[in-house]
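See structure below.
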Amino acid sequence: MVNPVHLRTLLEVTRRGSFAAAAVQLGYTASAVSQQMSALERESGVTLFERSARSVRPTETAFVMARHAAKVLTDIDALLAATSRTHDTTAQEVRLGIFPSLATYALPRLLRLPQWPNLGINLKVFVAEPAQTIQGLRTGGELDLALVYQVGQGGLAWPHSVNRQWLGDDNFRVVLPESWGLQAGSQVSASQLAEMPWIMHHPGTADATVIERLFASCNLHPRVVAYCDDFNASLEMAAAGFGAALVPELAMQHMDSGVVVLDVPEIRLARNIFALLINEKQNAQVGLFMEQLSDILRGLSISPRRR
0 MVNPVHLRTL
10 LEVTRRGSFA
20 AAAVQLGYTA
30 SAVSQQMSAL
40 ERESGVTLFE
50 RSARSVRPTE
60 TAFVMARHAA
70 KVLTDIDALL
80 AATSRTHDTT
90 AQEVRLGIFP
100 SLATYALPRL
110 LRLPQWPNLG
120 INLKVFVAEP
130 AQTIQGLRTG
140 GELDLALVYQ
150 VGQGGLAWPH
160 SVNRQWLGDD
170 NFRVVLPESW
180 GLQAGSQVSA
190 SQLAEMPWIM
200 HHPGTADATV
210 IERLFASCNL
220 HPRVVAYCDD
230 FNASLEMAAA
240 GFGAALVPEL
250 AMQHMDSGVV
260 VLDVPEIRLA
270 RNIFALLINE
280 KQNAQVGLFM
290 EQLSDILRGL
300 SISPRRR
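The numbers in numbering that gives the first Met the number 0 rise by one with no breaks, and the one at position 269 of the sequence shown is 268.
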């Protein structure tokens, strides 16, 4: 019989990349994690790690088991949450801060899951940009959990009491009007885009500053025809032939016809998506929510890479 505790530890090891990092996240020692993984190998009869004198690396089998373990553990947590409600019918409130793109394209998918009503989560949602959301995490704030993004290394600061969990990268893509005649997926240089009209972020924001520096490094000084921080509006204007735009993949989930996506090797940029959790508010319901959300993001091709 496979021990669910060992499966949860395996999941953290594959997510974090090492026994030591998983131990920090779970509150174990690295030795305890190593012992659990050896026990799991005995229980399952398969080799989960390649061990050498200097390193321990998960095998492909370990990643396969971890993917299935995530589903099994979610079912176990849902079972326990549903069982507990036979004695306590009050669902646990989770106060969530979330940025607009994630609220538009990821959260509704989670809320439509068949198992959602049985998770014991009474969700209260605050949709706002990250800088505003983070204020709700500070002492006495109204949030338990915040989902935010960061472009580049600056622009955001959060309390030291918050545990930051990286969820994945939301890559920006160069979008042009289809009417301009370029083939979707074509690889072009930044210099080929220099004379085109552009829809850009409002100047002065942290995101706009990072994008401006990236464009300048490519010797790309766009002719700006619109300033817009609403990606849906940017896509609609691009589809109407008004200008090119830089749009994250998450905001392109329901992209209509009329635009094409190009590959511009010099323009490589992503929004790093994080969950910010207050340590003392990390309960079973918050854990369940995060597991379900991670599955949704993997379905949208936004998930941590193996390290």
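All residues carry an ideal CB built from backbone N, CA and C; glycine is no exception.
**Asked** When you compare only the Cα positions, how much space is there between Val223 and Met199?
**Response** Within the sequence shown, residue 223 is the residue found at index 224, counting from 1. Within the sequence shown, residue 199 is the residue found at index 200, counting from 1. So the two alpha carbons sit approximately 7 Å from each other.
**Item:** 4-residue-minimum alpha helix (DSSP H) runs that sit fully inside the stretch 117-143, ordered along the chain
**Value:** Here the runs fully enclosed are 129-134.
**Request:** Can you check the stretch 172-232 for any beta strand (DSSP E) of at least 3 residues that lies completely inside it and give the ranges in chain order?
**Result:** 196-199 and 222-226
**Item:** Ranges of the beta strand (DSSP E) found wholly within the stretch 49-112, counting only runs of at least 3
**Value:** Complete beta strand (DSSP E) runs here, min 3: 55-57 and 91-97.
**Request:** Leaving out five residues on either side along the sequence, give the residues of the same chain with a beta carbon under 7 Å from the beta carbon of Asn282.
**Result:** Locating residue 282 in the sequence shown gives position 283, counting from the first residue. The answer, listed in chain order, is Gln91.
**Request:** Name, in chain order, the residues that DSSP records as bridge partners for Arg309.
**Result:** As shown, the chain starts at 0 and ends at 306. That puts residue 309 outside it, with no answer to give.
**Prompt:** Tell me which same chain residues have a C-beta within less than 6 Å of the C-beta of Leu287, skipping the five on either side of it?
**Reply:** Start at 1 with the first residue of the sequence shown, and residue 287 comes out as number 288. Contacts found: Asp76 and Leu118.
**Prompt:** Given a threshold of 16 other Cβ atoms within 10 Å of its Cβ, counted over all protein chains shown, does Trp179 qualify as buried or as exposed?
**Reply:** Position 180 of the sequence shown, counted from the first residue, corresponds to residue 179. Classification for Trp179: exposed.
**Message:** So, at 7 Å on beta carbons, what are the nonlocal neighbours of Pro99 in its own chain, with the 5 sequence-adjacent residues on each side left out?
**Reply:** For the purposes of this step, residue 99 is taken as residue 100 along the sequence shown, with counting starting at 1. These residues qualify, in order along the chain: Val126.
**Asked** How long is the line joining the alpha carbons of Arg267 and Gly44, rounded to whole angstroms?
**Response** Reading the sequence shown from its first residue, position 268 is the one you call residue 267. Reading the sequence shown from its first residue, position 45 is the one you call residue 44. If I take the Cα positions, the gap works out to 43 Å.
**Asked** Taking Cβ to Cβ, would you say Val1 is nearer than 7 Å to Glu42?
**Response** Here residue 1 refers to the residue found at position 2 of the sequence shown. Here residue 42 refers to the residue found at position 43 of the sequence shown. In this structure, Val1 places its C-beta atom within 7 Å of the C-beta atom of Glu42.
**Beta-carbon proximity list for His86, same chain, < 7 Å, skipping 5 on both sides** = Looking up residue 86 in the sequence shown gives position 87. For His86, the predicted structure reports a pLDDT of 46, less than 50, and the residue's modelled location is therefore unreliable. A value from the coordinates is still provided. Answer for His86: no residue qualifies.
**Request:** Would you kindly work out how many angstroms separate the C-alpha atoms of Pro247 and Ser160, rounded to a whole number?
**Result:** Position 248 of the sequence shown, counted from the start, is the residue given in the question as residue 247. Position 161 of the sequence shown, counted from the start, is the residue given in the question as residue 160. Cα to Cα, the separation comes out at about 30 Å.
**Other residues of its chain near Gln34: CB distance less than 6 Å, five sequence neighbours each side excluded** = Taking the sequence shown and counting its residues from 1, one reaches residue 34 at position 35. Cβ neighbours of Gln34 beyond the five flanking positions: none.
**Prompt:** What residues in its chain sit with their C-beta under 6 Å from that of Phe171, if we drop five residues either side in the sequence?
**Reply:** Taking the sequence shown and counting its residues from 1, the one referred to as residue 171 is at position 172. Only Leu245, Pro247 and Leu268 meet the Cβ criterion.
**Message:** For Leu72 and Arg7, which I take to be in contact (beta-carbon distance under 8 Å), what is that distance rounded to the nearest angstrom?
**Reply:** Walking along the sequence shown from the start, residue 72 turns up at place 73. Walking along the sequence shown from the start, residue 7 turns up at place 8. Taking C-beta atoms under 8 Å as the contact rule, Leu72 and Arg7 qualify, at a distance of about 6 Å.
**Request:** Could you check which residue in Leu25, Glu49 and Pro107 has the C-alpha nearest to that of Gln291?
**Result:** Numbered from its first residue, the sequence shown carries residue 291 at position 292. Among Leu25, Glu49 and Pro107, the Cα nearest to that of Gln291 belongs to Pro107.
**Request:** Under 7 Å Cβ to Cβ from Ala274, same chain only, skipping five residues before and after it: list those, please.
**Result:** Residue 274 sits at position 275 when you count from the first residue of the sequence shown. Correct list, in chain order: Leu144, Leu146, Gln164, Leu166 and Met289.
**Message:** What does the Cβ neighbour count give for Pro57, buried or exposed, with the cut at 16 atoms within 10 Å?
**Reply:** Looking up residue 57 in the sequence shown gives position 58. Pro57 is buried by the Cβ-count criterion.
**Of the listed residues Trp197, Ala205 and Gln284, nearest to Gln152 (C-alpha basis)** = As a position in the sequence shown, residue 152 is number 153, starting the count at 1. Selected option, being the one with the closest Cα: Ala205.
**Message:** In the DSSP output, which residue or residues are listed as bridge partners for Val12?
**Reply:** Walking along the sequence shown from the start, residue 12 turns up at place 13. Partner(s): none; Val12 has no beta bridge.
**Item:** Per-residue burial, His5 [other beta carbons within 10 Å of its own, 16 or more giving buried]
**Value:** Residue 5 sits at position 6 when you count from the first residue of the sequence shown. It counts as buried.
**Item:** Pro3 - DSSP class collapsed to helix/strand/coil
**Value:** Counted from its first residue, the sequence shown places residue 3 at position 4. In the structure shown, Pro3 sits in a helix (DSSP, three-state: H, G or I).
**Asked** Counting pairs of beta carbons, one from the stretch 254-267 and one from the stretch 184-204, are three or more of them closer than 8 Å?
**Response** Yes: the two stretches touch, three or more of their Cβ pairs being nearer than 8 Å.
**Message:** Which residue wins for smallest C-alpha separation from Asp229, given the options Leu122, Thr103, His220 and Glu194?
**Reply:** Stepping through the sequence shown from its first residue, residue 229 is reached at position 230. It is Thr103 whose Cα lies nearest to the Cα of Asp229.
**Request:** Let me know if Ala69 comes out buried or exposed under the rule of 16 or more other beta-carbons within 10 Å of its beta-carbon.
**Result:** Along the sequence shown, one-based indexing puts residue 69 at 70. Answer is buried; the Cβ neighbour count reaches 16.
**Asked** Going straight from the alpha carbon of Ile301 to that of Glu235, what length do you get?
**Response** The residue labelled residue 301 in the question sits at position 302 within the sequence shown. The residue labelled residue 235 in the question sits at position 236 within the sequence shown. Rounded to the nearest angstrom, the two C-alpha atoms are 23 Å apart.
**Asked** Under three-state DSSP, which class holds Leu25?
**Response** Indexing the sequence shown from 1 puts residue 25 at position 26. Here Leu25 sits in helix by DSSP.
**Prompt:** Around the Cβ of Tyr148, are there at least 16 other Cβ atoms within 10 angstroms (buried) or fewer (exposed)?
**Reply:** Position 149 of the sequence shown, counting from 1, holds the residue named residue 148. Flag for Tyr148 reads buried.
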